[in-house]
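Numbering (this note's numbering), first residue to last: 3 to 128. The beta carbon of each residue, even a glycine, is placed where N, CA and C say it ideally should be.
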């Protein structure tokens, strides 16, 4: 847990951490992450954020490779497939970020729908 003394300071630090982690995991640019941190009231230099992003992708190079492979595959096939087999058409103007995030979101949605179906079935005695 991230703490910084008071509850208010801890809450602010968690927001900053969330902005950085989500930014890195969704492929946002250093500029975009920097802008988000500034909106949260943090006074950070853009060069620091650039170094953070570069260091992350140097240390975890497999993430960048996986991302590139996923995006290239989706563009080549013009579709994505969820784990339950649902096909999602990929428009020509889809961004790399959306192509990388879409499988996670789509599989999450499929899992949620499946859970609702199972709950409904059990409530009806099935």
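In this structure, does DSSP put residue i in helix, strand or coil?
i, result
"residue 126", "coil"
"residue 82", "strand"
"residue 62", "coil"
"residue 27", "helix"
"residue 182", "The requested residue 182 does not occur in the structure, where the chain is confined to residues 3 to 128."
"residue 22", "helix"
"residue 72", "helix"
Run through the DSSP bridge pairs and tell me what residue i is partnered with.
i, result
"residue 89", "83"
Throw me the rounded Cβ distance for the residue i and residue j pair, which I believe falls under 8 angstroms.
i, j, result
"residue 73", "residue 101", "5 angstroms"
"residue 29", "residue 99", "5 angstroms"
"residue 59", "residue 66", "5 angstroms"
Find out if the Cβ-Cβ distance for the pair residue i, residue j is shorter than 8 angstroms.
i, j, result
"residue 76", "residue 92", "yes"
"residue 85", "residue 112", "yes"
"residue 125", "residue 105", "no"
"residue 51", "residue 63", "no"
Determine, using beta carbons only, whether residue i comes closer than 8 angstroms to chain D.
i, result
"residue 17", "You won't find chain D in this structure, because it holds only one protein chain."
Practice prompt. Please confirm if the stretch 9-20 is in contact with the stretch 38-53, defined as three or more CB-CB distances below 8 angstroms between the two stretches.
Written response: yes
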